[in-house]
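A.B. asks: 28 is the number of the first residue of the sequence shown in the numbering used here; add one for each residue after it.
A virtual CB, placed ideally from N, CA and C, is assigned to each residue, including glycine.
Given the structure is predicted, the values throughout are model-derived calculations rather than measurements.
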Amino acid sequence: MAGMAEVADEANRRETDRVHSFNSISRRSDSARVIPLTSATASPTSDHWDANYDINNVTSANWVGHGERNPQDSWLPLTESRNGNAFSASFHLLCSGIGVQALLLPVAFATLGWAWGTISLSLAFTWQLYTIWLLVRLHESDSGTRYSRYLDLAVTAFGQKLGTVLALVPVMYLSAGTCVQLIIIGGGTIRLFIKTVCRDGSTCDPKSLTGAECFLVFMCMAIVVAQFPNLNSMAWVSFIGAIIAVVYCTMIWGLSIGKGRVNSISYDPPAMESNMDKFGGIMNAIGIICLAFRGHNVILEIQGTLPSDPKYPTYKPMWRGVTISYALIPMCLLPLAIAGFWSYGNKVPSSNAGLLIAISQFHAHDTSKIVLGLIYILVIIHCLSTFQIYGMVIFDKLETSYTSRKNKPCARWLRTALRVFFGGVTFFAAVTLPFLGSLAPLIGGLTLPLTYAYPCLMWIAIKKPQPKGVMWCLNMGLGCIGLVLSLLLVIAAAWNLGNKGLHANFFKP
């Protein structure tokens, strides 16, 4: 027995030496401690997802908190700093959750009407808030393994091949594509600002900058701000963007109500020539409402900035941040939809910026330059702030490729070069495809499952609730409805494009 004890002690000593050896060659920051785990290759339904695991009995001996699927995570911009809190998370969520898509909500109401528009908006808000709750709870397993990227969680739930097929392209589009769209919106708003300030042409030329030059100005500002090393370090940028988003939304719907209704408007749904046209219009309106709620592709990334503790897992401060931010988001979106539809009715522009164009079109002549200019400046600053959050996902992906090959963190100059490179690519895409907003219903339909379907199906795959139980039926039902809704939106968007055509102004922003 003594011999067996000595053998066991020697084995334990060698295992300890092996772990210490690994730690000595791994360059890590204190805020993102990486511990080698077998979960990177193990089944997602194995030890790390034990339904009977008692969090109250976790000790430092069996807790593997801060564990990641990628051993280089302490070098990457999404996960190298874990000093965030509920407030910083709420800043990121609020800044990324309010977008210019909300300015199109009156367009949806013009098709659906008051009642169905309000009902659809309420249902979409409740549904996406539930899927956020699912993602927040799935971020960290009971034993502490963390999934700080949407793609990692999808691969864990669906397997390497299927998870990559389902999530990689949509996640990359919702990150890089959003940055391209922000350049288009931000650059377009710069043009509106110049046009407003130089309205009479006495002090400046309203056509002094072309569309491409406005895009370039916005992109240069975005890349300068993008030099923050990681997501957690730019919490103040998100704070500014969040406050500004609430302010400009309030100013827009307040100005719309203050100026009163536009003459000769109608609140009746537009007449359709055929049933297919009616179907396409209704589904397009539903798509606008569903896509007004965004940011699910960065929920896990934002939660990855929070510290973890066996007695206080990350879902607690993260859900507090979600509660704060999503108490404010509907207070911005619902007034925009109702006030915008009340003021402009069926005359609200269906272009990218919606209400922003409506204000310029109907109220530029009787509104102070200072007020209009301030609104445009706030929109530009918010676009710059939001660019950083969605761009950080791409920066992380680029640095992951480098660190995986070189097994060392990116140098400061290389990190800067990668971000400048990404800025150049997105600028080129924005100038090449300034009509990208016209394709939003089609592409948005393809990415819709990331928000409304995949979280429900991942919960079933990972948590394995009792078949035909309440949670199983709820998530299976919502997941299937989300997939069907995505298919219908794609069909309707394709029909609308085929029926109305596409103004493809390549290289002519």
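#1: Given that a residue counts as buried once 16 or more other Cβ atoms are within 10 Å of its Cβ, and exposed if not, what is Asn550?
#2: Within a Cβ cutoff of 8 Å, which residues of the same chain sit near Ser175, ignoring the five residues on either side of it in sequence?
#3: Going by C-alpha distance, which of Gly238, Trp143, Thr216, Lys222 is nearest Thr459?
#4: Going by beta carbon distance, what residues of the same chain come within less than 7 Å of Ile210, once the five residues before and after it are set aside?
#5: Taking DSSP's pairing of strands, which residues face Glu167 in a bridge?
#6: Ala438 to Arg446, Cα distance in whole Å?
#7: Between which residues of its own chain and Val349 is the CB-CB distance below 7 Å, once the five residues before and five after are set aside?
#8: Assuming contact is defined by CB atoms lying nearer than 8 Å, are Ser265 and Gly124 in contact in what I supplied?
#9: From the DSSP output, in three-state form, read off Tyr429 for me.
#10: I think Pro133 touches Gly367, with their Cβ atoms under 8 Å apart; what is that distance to the nearest whole Å?
#11: Need the endpoints of the alpha helix (DSSP H) that Lys343 sits in, please.
#12: Where Val251 and Asp295 are concerned, what is the direct C-alpha to C-alpha distance, given to the nearest angstrom?
#13: Report yes if the C-beta distance between Asn502 and Ile487 is below 8 Å; otherwise report no.
#14: Here's the rule I'm using: 16 or more other beta-carbon atoms within 10 Å means buried, otherwise exposed. How should Cys410 be labelled?
#15: With DSSP run on the structure shown, which of helix, strand or coil describes Tyr339?
#16: Nearest to Ala7 by alpha carbon, out of Leu466, Lys424, Ala531?
#17: Determine contact between the region 385-394 and the region 295-314, defined as no fewer than three beta-carbon pairs at a distance below 8 Å.
#18: Please look up how many angstroms separate the CB atoms of Phe320 and Phe152, rounded, as I've assumed it's under 8 Å.
#19: Inspect the beta-carbon positions of Ala364 and Ile212 and report whether they are closer than 8 Å.
#20: How would you call Ile316, buried or exposed, if buried means at least 16 neighbouring beta carbons within 10 angstroms?
#21: From Gly281 to Thr430, what does the alpha carbon distance come to, in whole angstroms?
C.D. replies: With the structure as the only source:
#1: Nothing can be reported for residue 550, as the shown portion of the chain is limited to 28 through 536.
#2: Start at 1 with the first residue of the sequence shown, and residue 175 comes out as number 148. So the list reads Glu95, Asp100, Leu105, Thr106, His166, Leu327, Glu328, Gln330, Gly331, once near-sequence residues are dropped.
#3: As a working mapping, residue 459 is identified with position 432 in the sequence shown. The residue among Gly238, Trp143, Thr216, Lys222 with its C-alpha nearest the C-alpha of Thr459 is Gly238.
#4: By one-based count along the sequence shown, residue 210 stands at place 183. For Ile210, same chain residues with a beta-carbon under 7 Å away, outside a window of 5 residues either side, are Phe242, Phe245, Met246, Thr453, Phe454, Ala457 in chain order.
#5: By one-based count along the sequence shown, residue 167 stands at place 140. Answer is Arg173, bridged to Glu167.
#6: As a working note, residue 438 is residue 411 in the sequence shown. As a working note, residue 446 is residue 419 in the sequence shown. Whole-angstrom Cα-Cα distance: 13 Å.
#7: Along the sequence shown, one-based indexing puts residue 349 at 322. Cβ neighbours of Val349 beyond the five flanking positions: Leu120, Ile159, Val163.
#8: Along the sequence shown, read from residue 1 onward, the residue named residue 265 stands at position 238. Along the sequence shown, read from residue 1 onward, the residue named residue 124 stands at position 97. 8 Å or more divides the Cβ of Ser265 from the Cβ of Gly124.
#9: Here residue 429 refers to the residue found at position 402 of the sequence shown. DSSP places Tyr429 in helix when its eight states are reduced to three.
#10: For the purposes of this step, residue 133 is identified with residue 106 of the sequence shown, where counting begins at 1. For the purposes of this step, residue 367 is identified with residue 340 of the sequence shown, where counting begins at 1. Right, their Cβ atoms sit about 3 Å apart.
#11: To locate residue 343, count along the sequence shown from 1; it is residue 316. Start and end: 342-371.
#12: Counting from one through the sequence shown, the residue named residue 251 turns up at place 224. Counting from one through the sequence shown, the residue named residue 295 turns up at place 268. Val251 and Asp295: Cα-Cα distance of roughly 47 Å.
#13: Against the sequence shown, residue 502 aligns to sequence position 475. Against the sequence shown, residue 487 aligns to sequence position 460. Pairing Asn502 with Ile487 gives a Cβ-Cβ distance under 8 Å.
#14: Locating residue 410 in the sequence shown gives position 383, where the first residue counts as 1. Flag for Cys410 reads buried.
#15: For this step, residue 339 is matched to residue 312 along the sequence shown. Residue state, collapsed to three classes: strand.
#16: The requested residue 7 does not occur in the structure, where the chain is confined to residues 28 to 536.
#17: Taking 8 Å as the limit for Cβ pairs, the verdict is that the region 295-314 does not touch the region 385-394.
#18: Here residue 320 refers to the residue found at position 293 when the sequence shown is read from its first residue. Here residue 152 refers to the residue found at position 125 when the sequence shown is read from its first residue. The beta-carbon distance between Phe320 and Phe152, rounded to whole angstroms, is 6 Å. This is short enough to meet the 8 Å contact definition.
#19: As a first step, residue 364 must be located in the sequence shown, where it is residue number 337. As a first step, residue 212 must be located in the sequence shown, where it is residue number 185. Using a Cβ distance threshold of 8 Å, Ala364 and Ile212 do not count as a contacting pair.
#20: To locate residue 316, count along the sequence shown from 1; it is residue 289. Under this definition Ile316 is a buried residue.
#21: Position 254 of the sequence shown, counting from 1, holds the residue named residue 281. Position 403 of the sequence shown, counting from 1, holds the residue named residue 430. Their backbone Cα atoms lie some 49 Å apart in a straight line.
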